[in-house]
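Chemist: Residue numbering for the sequence shown is 769 to 1071, as defined by my numbering.
After the structure tokens below, expect a handful of questions from me.
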Amino acid sequence: MKSFIFAIIVFSGLSFQTALSQDLQSINTSNSSKASLKRKVAIARFSNETQSGTSFLVDDSGDRLGKQASDILSSKLSATGKFMMFERTDKDDIDSEKIISGLKEDGVGVDYLIIGSVSEFGRSVGSQSKVFSRSKTQSAYAKVNVRLVDVSTGRIIFSEEGAGESVNTTESKILTKTNAGFDQSLTDKAISAAIASLVSSLVENMTNKPWKSYLLSKEDDSYIIAGGERQGIASGTILNVYKNGKTITNPQTGAKLELPGKKVGSIRVDYSFGEDAFSEISFVSLIDGVISDDLENYYISDT
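This is how it looks when you write it as structure tokens:
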């Protein structure tokens, strides 16, 4: 009898594990089948507002610190796998309207523009002597400001300030003549720490808004949309077609507001084509619904 009960318990445990394994596999399959579509982001070169003429803060273009900050931010956002990065290195352009206009003239369609500045930067050196040794402490401090612009509206939707510090302490024997040299890496680490404090908030704000693409043309029985495999649009992906909502004006602020669009159909991605992430397009088939000839009245979304 005891053996029979033990066998039932073992069988029940195995059944539970099998069911749990199947549930987890189903969840993983569901998650993997959902496309992770990347947003297109442009980063303008950060301006250097520190008013420092120190040689290690400038390069041939007159601003090493600003370029460093924009490079670090681009690298950190790329590492998330959620964005395609496009860098604007126009040193003189810090006005969002001019940069957006330049992007459109170059034929680069992006979802967001990030403008930033290094507002504070400083270094300090301290030393302390002991009986048989002495220590030297070098530190660097940086503060950066970023503004996130929604390119479709030209409005700043998020702004934040981040600060970071990096410290290096070295010790040497009192009777030796060796001294710790200037640690240039502290500059990089301080800026990196300041930007790291902003990345999660930037990512959250840029992924809160649903992903969008647009109908570009109709070729026979197929439609062409912007974006392809490099943006996460795989063959077989099902996307929804929406008709643009009505645009109204808020009389209190004068701001134009676009009402939510109406779903009118669904499309299936057949294949992608293009030389790079920014020129890539996809051929799609309409699987339900109706699309009129005026393709500018529609947009594509994954929601």
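C-beta atoms are modelled at their ideal positions from N, C-alpha and C, and glycine is treated no differently.
1) Measure the alpha-carbon distance for G996 versus T1021 and round it to whole angstroms.
2) For N1018, which three-state DSSP category applies?
3) Rounded to whole angstroms, what's the CA-CA distance from T921 to N973? Just pull it up for me.
4) Taking Cβ to Cβ, would you say I963 is nearer than 9 angstroms to V1052?
5) So V917 packs on D879, CB below 8 angstroms; how close in whole Å?
6) Please classify G1004: is it buried, with 16 or more other beta-carbons within 10 angstroms of its beta-carbon, or exposed?
7) Quick check on the DSSP output: the alpha helix (DSSP H) that includes E972 runs from which residue to which?
8) Exposed or buried, N816, counting other C-beta atoms within 10 Å across all chains shown (16 or more means buried)?
9) How about A812 and I882: are their beta carbons less than 9 angstroms apart?
10) Taking all protein chains shown into account, do 16 or more other C-beta atoms lie within 10 angstroms of the C-beta of N913, making it buried, or fewer, making it exposed?
11) Quick check: what's the CA-CA separation for V971 versus L805?
12) Under the rule that 16 or more other beta-carbon atoms within 10 Å means buried, what is S843, buried or exposed?
13) Are the segment 1028–1038 and the segment 1052–1063 in contact at 8 angstroms, needing three or more beta carbon pairs?
14) Using the DSSP secondary-structure output, state which residues sit across from K808 in a beta bridge.
15) Keeping to the same chain, check which residues put their C-beta closer than 6 angstroms to that of A931; ignore five residues upstream and five downstream.
16) Since I believe T1071 is in contact with N754 (beta carbons under 8 angstroms), could you give me their beta-carbon distance rounded to a whole number of angstroms?
17) Within the continuous beta strand (DSSP E) that includes L1025, where are the two ends?
18) Consult DSSP for D839 and reduce its assignment to one of helix, strand or coil.
19) Between which two residues does the beta strand (DSSP E) carrying F1051 extend?
20) Going by beta-carbon coordinates alone, are T1017 and L1027 separated by less than 9 angstroms?
21) Using only alpha-carbon positions, find the residue among A1023, V967 and V935 that is nearest to A847.
22) Return the residue from the list D951, S887 and S885 that minimises the CA-CA distance to K904.
23) Alpha carbon to alpha carbon, what distance is there between L1063 and G884?
24) Just verifying my parser: in three-state terms, what is the DSSP assignment at R832?
25) What is the DSSP secondary structure of A1045, counted as helix, strand or coil?
Modeler: Answer, in terms of the structure:
1) 38 angstroms
2) coil
3) 15 angstroms
4) Using a Cβ distance threshold of 9 angstroms, I963 and V1052 do not count as a contacting pair.
5) Actually they are not in contact, since the Cβ atoms of V917 and D879 sit about 10 angstroms apart, beyond 8 angstroms.
6) By the beta-carbon neighbour count (other beta carbons within 10 angstroms, threshold 16), G1004 is exposed.
7) S953 to N976
8) buried
9) yes
10) buried
11) 14 angstroms
12) exposed
13) yes
14) According to DSSP, K808 bridges with M852.
15) K911 and A962
16) Outside the shown range of the chain (769 to 1071) lies residue 754, about which nothing can therefore be said.
17) Element bounds for L1025: K1024 to E1026.
18) helix
19) I1049 to G1057
20) In this structure, L1027 does not lie closer than 9 angstroms to T1017 by Cβ.
21) V967
22) D951
23) 35 angstroms
24) helix
25) coil
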